[in-house]
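Below is one structure, written out as structure tokens, with a few remarks after it.
There are 2 protein chains.
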Amino acid sequence: MSQHTQPPETPTVLDSGDALPPIEQHARQYETVRFAHETELIEDYVELIGDLIAHRGEARAADIASRMGVSQATVSKMIRRLNELGLVTSQPYRSLFLTSAGKDMAQVSRARHDIVLNFLRALGVNDTTARIDAEGMEHHVSDETLAIMQAFIRKNTK
Amino acid sequence: MSQHTQPPETPTVLDSGDALPPIEQHARQYETVRFAHETELIEDYVELIGDLIAHRGEARAADIASRMGVSQATVSKMIRRLNELGLVTSQPYRSLFLTSAGKDMAQVSRARHDIVLNFLRALGVNDTTARIDAEGMEHHVSDETLAIMQAFIRKNTK
DNA sequence: TAAAATTGTTAGCCTAGGCTAAACTATTTG
DNA sequence: CAAATAGTTTAGCCTAGGCTAACAATTTTA
């Protein structure tokens with residue numbers, strides 16, 4: 001079948017680390033990451049909108065743009081997407097609101113974010129770094145790991 | 001200046017969690033994540049190519065495709081990019097090789113990946129889950145956090 | 001060694017998520 | 001209350017990273 005005489009599947013002595021995972025499992029790992037990438041920006045926007053509403057009373061495109069560090073045009077386009085996904089409601093030139101689906105997503109996202117952030121802090125990571133890392137990590141942490149992080153926080157925080 | 005009378009910058013009582021970070025810092029967090037996204041796929045390919053060479057003796061497009069879970073056309077296109085970036089050398093229809101820049105990247109990437117994976121295992125996360133989480137997390141973990149993870153591994157592994 | 005099977009490449013399409021520039025709407029202010 | 005300013009949207013462009021289909025090259029095998 002193979003056009004090459006391959007070394008056996010068992011790892012050779014060349015490597016220092018683990019063997020390669022089985023092909024199917026390996027592919028599923030990358031697929032999981034690709035899937036996370038599709039949803040994470042959406043979640044970040046929804047989470048930020050929820051935060052802005054909670055902290056500032058409203059969520060405006062200009063605020064989202066400056067906090068996200070992108071142009072207002074980009075935000076405008078994204079809001080249209082969030083609308084189509086049924087996560088926010090908006091009238092032109094007016095402030096945004098989260099739908100109940102949006103609120104749910106914001107709440108879940110925020111809770112996950114907080115666990116990761118507090119876990120990193122409990123581990124001893126500096127606050128600024130912890131915030132940056134948490135922002136990137138939160139979408140890639142499974143429920144299982146999240147539960148373990150939560151237990152760790154309880155154990156290591158007064 | 002503002003067209004709305006805004007609540008003060010200090011958070012209102014509505015929220016349960018932390019205050020919003022200052023705008024500049026907030027934007028930098030998201031920018032860091034966006035930047036990581038640009039490089040992480042590249043790193044994943046380079047890391048996988050390095051692993052295939054180490055474990056199988058060669059890295060072929062078909063193997064990369066099946067392990068990444070993408071089409072061969074996608075891999076072919078990506079290899080061209082890696083070439084342009086000076087990370088691999090390739091002749092058509094021949095196996096790939098990493099340049100020394102590619103080897104460096106693979107080595108760094110692999111080391112980081114292993115630390116995150118072993119950290120999750122030391123934390124008590126199931127192996128399959130740990131592999132999936134590590135794949136997603138590795139590109140978002142700062143050097144500071146990585147060092148702390150490494151210390152944690154040393155302390156919690158016999 | 002010719003045919004079959006596998007592997008690799010190219011062309012062309014699509015979506016997401018950035019951007020700038022220009023037009024439009026709302027609010028504030030002189 | 002009109003003009004200036006601030007905020008929002010739209011149009012059009014670009015890149016990355018997927019895909020399929022068609023074709024080319026290589027390797028295996030009958």
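Listed in order, the protein sequences are those of chains A and B.
Per the UniProt record's numbering, the very first residue in the first sequence carries number 1; after that it's consecutive.
Per the UniProt record's numbering, the very first residue in the second sequence carries number 1; after that it's consecutive.
Using N, Cα and C, we set each Cβ at its ideal position, and we do this for glycine too.
Bear in mind the structure is a predicted one, so any value in this text is a computation, not a measurement.
- Residue nearest to B/LYS103 within the set B/ASP51, B/ARG28, B/THR39 is B/ASP51 (criterion: CA-CA distance).
- The beta-bridge partner set that DSSP reports for A/LEU85 is empty.
- B/LEU96 carries a coil assignment under DSSP once its states are collapsed to helix, strand and coil.
- Look at A/SER76 here: in three-state DSSP terms it is helix.
- At a cut-off of 8 Å between C-beta atoms, A/PRO21 counts as an interface residue with respect to chain B.
- Annotated as distal: B/VAL141 and B/LEU98, with beta-carbon spacing of 8 Å or more.
- Approximately 6 Å separates the beta-carbon atoms of B/ILE148 and A/LEU123; this is inside 8 Å, confirming the contact.
- The C-beta of A/ILE132 comes closer than 8 Å to at least one C-beta of chain B.
- Counting only residues of its own chain and dropping the five nearest sequence neighbours on each side, B/LEU117 has a CB closer than 7 Å to the CB of ALA130, ARG131, ALA134.
- Looking only at B/THR74, B/MET105, B/ASP127, the smallest Cα-Cα distance to B/THR39 is reached by B/MET105.
- Using a Cβ-Cβ cut-off of 8 Å, B/ASN126 is close to GLU144 of chain A, given in chain order.
- Of the residues B/ALA54, B/PHE35, B/ARG67, B/ASP18, the one whose Cα lies closest to the Cα of A/PRO22 is B/ARG67.
- The alpha-carbon of A/THR157 is positioned some 30 Å away from that of B/ALA111.
- Residues of chain B with a Cβ closer than 8 Å to the Cβ of A/ARG94 do not exist, since the nearest Cβ in that chain sits about 11 Å away.
- Using beta-carbon distances, B/GLY102 does not count as an interface residue toward chain A, since no partner is under 8 Å.
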